[in-house]
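Under UniProt numbering, think of the first position of the sequence shown as 1, with each following residue one higher.
The beta-carbon is built from N, C-alpha and C at its ideal position, and this holds for glycine as well.
Since the structure is predicted, the reported quantities are computational estimates derived from the model, not experimental observations.
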Amino acid sequence: MWKPENIPSEEGFSFRQQGRATQEDIDATLGSGNLREAVKLPTGEDLNEWLAVNTVDFFNQVNILYGTLTEFCTSSTCPTMTAGPKYEYRWADGVTITKPIVVSAPQYVE
């Protein structure tokens, strides 16, 4: 089985170690209240590595949040995908469904 920590980088340490170093920078700035600092590329970090770590972290956080909602948000309890009372999201794939249609929130997310 492929494990990222077994793949050395040019700097001589694993991608996972690079991710941990970058994660430390993320954790240090998140509580500061300064959003500009929280999203700033740390000095000495590779832009692509920083983007990768943050993208994976964002995906994981959204996945955890979504996991907590799936128990309560079903096709019957959430018949439409909305963002408050003013905004309704409709689905279209641009190929089979060209005119946006109303679908349940779980169906929209799938």
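Between the beta-carbon of residue i and the beta-carbon of residue j, is there less than 7 Å?
i      : j      : result
TRP91  : TYR108 : yes
PRO106 : SER75  : yes
GLU88  : THR80  : yes
In angstroms with no decimal places, state the Cα-to-Cα distance between residue i and residue j.
i     : j      : result
PRO4  : LEU69  : Its pLDDT being 46, under 50, PRO4 is placed unreliably in this model, and the value from its coordinates should be taken loosely. About 31 Å.
GLY44 : ASN54  : 16 Å
GLU37 : LEU51  : 15 Å
ASN60 : VAL102 : 28 Å
Please name the residue or residues paired with residue i in a DSSP beta bridge.
i           : result
residue 157 : Nothing can be reported for residue 157, as the shown portion of the chain is limited to 1 through 110.
ALA83       : TYR87
Relative to the C-alpha of residue i, which residue among the options is closest?
i     : options                 : result
CYS73 : SER104, VAL56 and ASP57 : SER104
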